[in-house]
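FYI, in the working numbering the residues of the sequence shown are 71 to 189.
Positions of the beta carbon are idealized from the N, C-alpha and C atoms, including for glycine.
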Amino acid sequence: MGKTVLVVDDAKPVRQQVGLALKEAGYEVLEACDGQDGVDQVTANPQIAMVICDVNMPRMNGIDFVACAMKIRNLPIVMLTTEGQPELVTKAKQLGAKGWIIKPFKPELLVAAVKKLAG
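Right, here's the structure in full:
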């Protein structure tokens with residue numbers, strides 16, 4: 071069984087697209103529809119090896135998710151977003167995010183980042 075990756079994004083098509091790319095590369099995939107759901111998943115699933123997270127979401131955004139998730143467990147987190155403002159990238163990385171990928175993404179680049187960070 072492959073490592074488990076949590077995909078946190080409020081857009082179901084994005085979760086499906088990311089999930090498909092990861093499943094084809096041999097990873098197990100869990101999904102969360104927003105940051106709060108993501109925190110709940112990280113808390114409930116110790117097998118999660120890595121997180122891919124959107125920035126703009128309802129209830130809890132991706133930056134707040136990174137802050138909360140890192141308090142639960144030190145996980146590699148890659149932000150996957152349409153946002154590219156340097157201050158957002160810097161804030162996410164200060165909180166512990168390991169990478170930043172701009173949508174639309176290339177599946178092979180996403181999988182390469184996951185392989186590098188999650189193994």
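The C-beta distance from C123 to L150 rounds to 7 Å, short enough to fall under 8 Å. Between the alpha carbons of Q106 and R129 lies a distance of about 7 Å. In the structure shown, V112 falls within a helical segment according to DSSP collapsed to helix, strand and coil. According to the DSSP assignment, A95 belongs to no beta strand (DSSP E), since it is labelled neither H nor E.
Annotation for P177: A91 place their beta carbon closer than 7 Å to its own, counting only its chain and skipping 5 residues before and after. By the C-beta criterion, the segment 90-104 is judged to be in contact with the segment 180-188, since at least 3 inter-stretch pairs fall below 8 Å. The beta-carbon separation of D104 and D134, rounded to 10 Å, does not stay under the 8 Å limit for a contact. Excluding sequence positions up to five before and after N131, its CB lies within less than 8 Å of the CB of G105, V125, all in the same chain and listed in chain order.
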